[in-house]
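In my numbering, the protein residues as written are 23 to 187. Inspection log for the structure reproduced underneath, given as structure tokens.
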């Protein structure tokens, strides 16, 4: 089976293998490397939405994620990745994969909706709906999105710097 995004071979692991070995997006046909970049994009969205939106809503974040313009975030992440690549902090492979994932993200809204509904609509630990005000974003070396109710990690931005957009 090939990755839906980059076409590389998915490891032939079965469902009993750990998430670390398969990657959490494996069941969607996404390799671990593309899945990490997809998580970077989703974490950046959570961070931006939590920071910039003043909403009192019961609409899950993933719905806002799908309705907001991806182009601005893509350009910001692209330039940030490019700047970091020039400093030696991000390699060409990440940069190229980011472009592929963003392109795939834009051209596959139904798959993104499915991933959002299944993975980012509610906390897997406590069941708390992930709506505005229900998450906390921790900064530092990476952006990590936590459920405010139980502290469970929802998603992390694995880029080793904070996206400044």
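Beta carbons: idealized from backbone N, C-alpha and C, even for Gly. If you're wondering where the values come from, they're calculated on a predicted model, not measured in any experiment.
Residue 177 sits close to residue 64, with the two beta carbons spaced by under 7 angstroms.
By the neighbour-count definition (other C-beta atoms within 10 Å, threshold 16), residue 160 is an exposed residue.
Secondary structure note for residue 116: its alpha helix (DSSP H) is the uninterrupted segment 114 to 129. Cβ neighbours of residue 158 within its own chain (closer than 6 angstroms, five residues either side excluded): 168, 170. The beta carbons of residue 80 and residue 153 sit about 5 angstroms from each other, so the pair counts as a contact at 8 angstroms. Put simply, the backbone Cα of residue 116 is about 33 angstroms away from that of residue 149. Counting the other Cβ atoms within 10 Å of the Cβ of residue 155 gives fewer than 16, which makes it exposed. Residue 144 has 151 as its beta-bridge partners, per DSSP. In this structure, the straight-line span from the alpha carbon of residue 121 to that of residue 173 is close to 32 angstroms. Residue pairing from DSSP places residue 168 in a beta bridge opposite 158, 175. In terms of Cα proximity to residue 56, the closest of 66, 166, 67, 118 is 118. As the crow flies, the alpha-carbon of residue 24 is around 4 angstroms from that of residue 31.
Annotated as distal: residue 165 and residue 145, with beta-carbon spacing of 7 angstroms or more.
Counting the other CB atoms within 10 Å of its CB gives residue 58 a total of 16 or more, which places it among the buried residues. It is roughly 9 angstroms from the alpha-carbon of residue 125 to the alpha-carbon of residue 27. By DSSP's assignment, residue 31 forms a beta bridge with 24.
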